[in-house]
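Notes follow once the structure below has been shown.
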Amino acid sequence: MLVLFLACVTPEAPLTDEAIGAAVDVAAGVDSDRLLTSIGIMVAAHATEEPVIVEPWGLPHRHLAGTERLVDLYAELGLAAEVEETDEDGWLAKNVIVELPGTSAPDEVVLLTAHHDVWFTGADDNSSGVAVLLEAARLFSATEHARTIRIVSFDHEEVGLLGSLRYYRDHADDDHVAVVNMDAVSFALHDPGTQSAPTGFTLPDVADFAVALSNAPAERPARMAAQLAGELPHPLKVQVALGADDNLYPGTGDFHRSDHSAAWTAGIPGVFFSDTTNFRSPYYHTEDDRIGTIDPAFGRSVAEEVIALVYALASETQPVGEQP
Ligand SMILES: [Zn+2]
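Every letter in the sequence shown is one number past the one before it in the numbering used here, and letter 27, counting from 1, is 47.
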């Protein structure tokens with residue numbers, strides 16, 4: 021497989037000490053209690069909704085109660101979320117969008133994304149990602165950034181990436197300079213033998229790291245992620261992998277299993293963070309994906325990493341592949 025683990029190559033330093041310091045300062049605001057509380061609130065909201073059994077998976081799917089609760093949670097932060105509805109082919113999808121305008125390059129958009137639809141009540145997959153969106157919105161609304169930060173929670177990821185496919189289709193004219201997507205970011209195990217990997221792919225044996233997968237245009241953002249991970253208030257173990265081209269060859273099918281896929285296909289630089297779900301979690305897509313299985317310390321480190329990376333990307337104004 022044509023995948024390069026950045027950890028194995030000569031380290032490069034795309035960010036200055038000053039840029040790292042500014043990004044880490046913002047990330048230091050991450051509140052792990054708030055993250056865990058948000059996950060619990062989203063799980064509880066999903067539990068109030070009568071699920072729809074979706075074939076061919078035969079699993080109970082929920083999305084509407086979570087959509088409403090997420091809008092309320094943004095309102096509690098003083099932020100007005102826009103719900104972008106599409107109703108096509110029998111699938112009503114509601115993407116939830118919060119936009120935090122940039123100061124000097126407001127037309128340039130850095131996207132931070134996750135999905136809020138779930139199988140069962142989805143604590144790790146993906147209320148954990150939604151909790152980071154909320155924390156990011158809270159922190160970024162209190163900071164200045166050159167570029168606009170657009171925080172998008174997609175609907176219907178689980179049933180074929182419908183929400184994100186429609187978003188990237190309908191926003192094709194927007195200037196998306198980079199995307200950071202999260203799907204399942206708060207499950208970890210700490211014993212040897214707890215991590216497996218896709219065929220042809222090598223990962224550490226202990227399931228206590230995040231993966232950050234990038235397409236080729238996101239090589240520099242991926243290196244930024246590698247650089248930031250060790251500088252965070254709570255450093256993150258991260259396996260940064262750079263796929264060749266846009267990862268559009270069969271061996272990287274597992275790389276396309278979330279909402280960054282349409283962005284990669286469009287050539288938008290994108291980095292995807294995940295705990296690798298079924299390659300470590302016995303609870304993946306089951307009713308046991310519950311709040312009690314979340315690893316709060318791991319989730320906090322991923323939140324710090326993602327927020328630092330998005331802030332760094334939004335603070336620059338040169339093309340993301342170029343050094344400032
Ligand atoms: Zn997911």
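Just so you know, even glycine gets a beta-carbon here, dropped at the ideal spot from N, CA and C. Keep in mind it's a predicted model, so treat the numbers as computed, not measured.
For this session: Find out if the Cβ-Cβ distance for the pair L209, S234 is shorter than 8 Å.
Result: no
Problem set entry | Residues near Q128 in its chain [Cβ-Cβ closer than 6 Å; skip 5 each side] | According to the sequence as given, residue 128 is Glu; it is not Gln. R167, D195 and V197.
Problem set entry | Cβ contact (3+ pairs, closer than 8 Å) linking the region 143 to 150 and the region 217 to 233 | no
For this session: Kindly examine ligand 1 and report whether one of its heavy atoms sits closer than 7 Å to the Cβ of N115.
Result: no
Exercise. Using a beta-carbon distance below 8 Å, is G122 in contact with chain C?
Worked result: Of the chains in the structure shown, none is chain C; there is only one protein chain.
Exercise. Looking at the structure shown, is W77 part of a helix, part of a strand, or coil, going by DSSP?
Worked result: coil
Problem set entry | Collapsed DSSP secondary structure at Q247 in the structure displayed | helix
Exercise. Would the beta-carbon of E178 be found less than 7 Å away from any heavy atom of ligand 1?
Worked result: yes
Problem set entry | Own chain partners of V74 with C-beta closer than 6 Å, once the 5 adjacent residues on each side are dropped | H81 and V179
Exercise. In whole angstroms, what separates the C-alpha of R310 from that of S124?
Worked result: 42 Å
Exercise. So does the region 36 to 54 actually touch the region 91 to 101, counting three or more Cβ pairs closer than 8 Å?
Worked result: no
Exercise. With burial defined as no fewer than 16 other Cβ atoms inside 10 Å of the residue's Cβ, what is the status of E239: buried or exposed?
Worked result: buried
Problem set entry | Segment contact flag, the region 323 to 335 with the region 33 to 48, C-beta cutoff 8 Å, min 3 pairs | yes
Exercise. How do the region 148 to 167 and the region 307 to 323 stand: do at least 3 beta-carbon pairs fall below 8 Å, yes or no?
Worked result: yes
Exercise. For V116, which of G110, L56 and S184 has the nearest alpha-carbon?
Worked result: S184
Problem set entry | Contact check, H83 vs H136, beta carbons under 8 Å | yes
Exercise. With a Cβ-Cβ cutoff of 8 Å, do A157 and V118 count as a contact?
Worked result: yes
Problem set entry | Cβ distance (whole Å) where S294 is taken to contact A227 below 8 Å | Contact doesn't hold; Cβ gap of about 12 Å is too wide.
For this session: Write down every uninterrupted run of the beta strand (DSSP E) in the region 34 to 76 whose length is 3 residues or greater and which is fully enclosed by it, in chain order.
Result: 72 to 74
Exercise. Looking at D109 and ligand 1, is the gap between the Cβ and the nearest heavy atom below 7 Å?
Worked result: no
Problem set entry | C-beta atoms of L132 and D279 nearer than 8 Å | no
Exercise. Alpha carbon to alpha carbon, how far is D92 from G110?
Worked result: 26 Å
Exercise. What do you reckon, is the C-beta of H135 under 7 Å from a heavy atom of ligand 1?
Worked result: yes
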